[in-house]
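Written out below as structure tokens is the structure these notes cover.
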Amino acid sequence: GEPIFYGDATHEAVLNHVNIRQARTLVIVINDAAASRRITTVARHLNHRLHIIVRTRFREEIKPLMDLGANEIVTEEFEASVELFSRILSRYLLPEDEIHRFVEEIRSGGYAMFRNLSKHATSCPTIGDCMPDMDLRSLRVHGSSPLAGKTIGEAKLEKKFGVTVLAVRRGAEIFSIPPAELDLQPEDILFIVGLPEKMTDLEKVLRGEGK
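Per the numbering used here, the very first residue in the sequence shown carries number 791; after that it's consecutive.
Next comes the structure, spelled out in structure tokens:
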């Protein structure tokens, strides 16, 4: 078996005792933000090549940890949001493999995005606080819609309707986090998040009943 050491990892002596200078990876999973920052600082000082992964609760803790030398941050808040979208997508009867692929792309893109958050980035304690009035729906693009044939960028959905396209389903294919240059084709299914009243307006346009 592997030896287990018990000690306060915020102290340099403890990290030295477990050969932190020769370690390749350090994973910090304690629920103490201050201690996590201290461990990151000390570990980075002792081993500049060490890959440090930290679990934390909120996005606002990401930048300080990255500034101290952490390489990867896993946030409980972000995982909760991912789980929320995963469950909602399952309600629309998407195949499990497509949901899994979509979630993995969200995680990959999301963590990279969070690592670039500015110091002004804010956090919210619950999903309800993050999206108090938001809704997620799947809407079909009808052939009579003025948006059919346009790219997502040309449609300006976020500017005109205040919605974000999470994915586009086209037959058996799904485009997760679709690029602005993806064209909208008749019978495409859009998975969007936004204000309910705005999505109602968009739904009319997608049916060809508005501009």
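Note that the Cβ used here is the ideal one computed from N, Cα and C, for glycine as well.
- Comparing alpha-carbon positions, the option among 990, 862 and 976 lying closest to residue 936 turns out to be 976.
- Collapsing the DSSP output to three states places residue 808 in coil.
- Counting along the chain, the unbroken alpha helix (DSSP H) around residue 836 starts and ends at 823 to 836.
- If you ignore the 5 residues before and after residue 964, its C-beta comes within less than 8 Å of the C-beta of 884, 888, 891, 892, 957 and 958, all in its own chain and listed in chain order.
- For residue 995, the enclosing alpha helix (DSSP H) begins and ends at 986 to 996.
- For residue 861, the closest of 818, 801, 968 and 951 by C-alpha to C-alpha distance is 818.
- If the five residues before and after residue 816 are omitted, its C-beta is found closer than 6 Å to the C-beta atoms of 833, 840 and 842, all from its own chain and listed in chain order.
- Beta-bridge analysis with DSSP links residue 843 to 817 and 862.
- Per DSSP, the unbroken alpha helix (DSSP H) holding residue 948 starts and ends at 947 to 951.
- In the three-state scheme derived from DSSP, where H, G and I count as helix and E and B as strand, residue 925 is classed as strand.
- Cα atoms of residue 852 and residue 864: separation of roughly 9 Å, rounded to the nearest angstrom.
- In the DSSP annotation of this structure, the continuous segment of the beta strand (DSSP E) that includes residue 966 starts and ends at 963 to 966.
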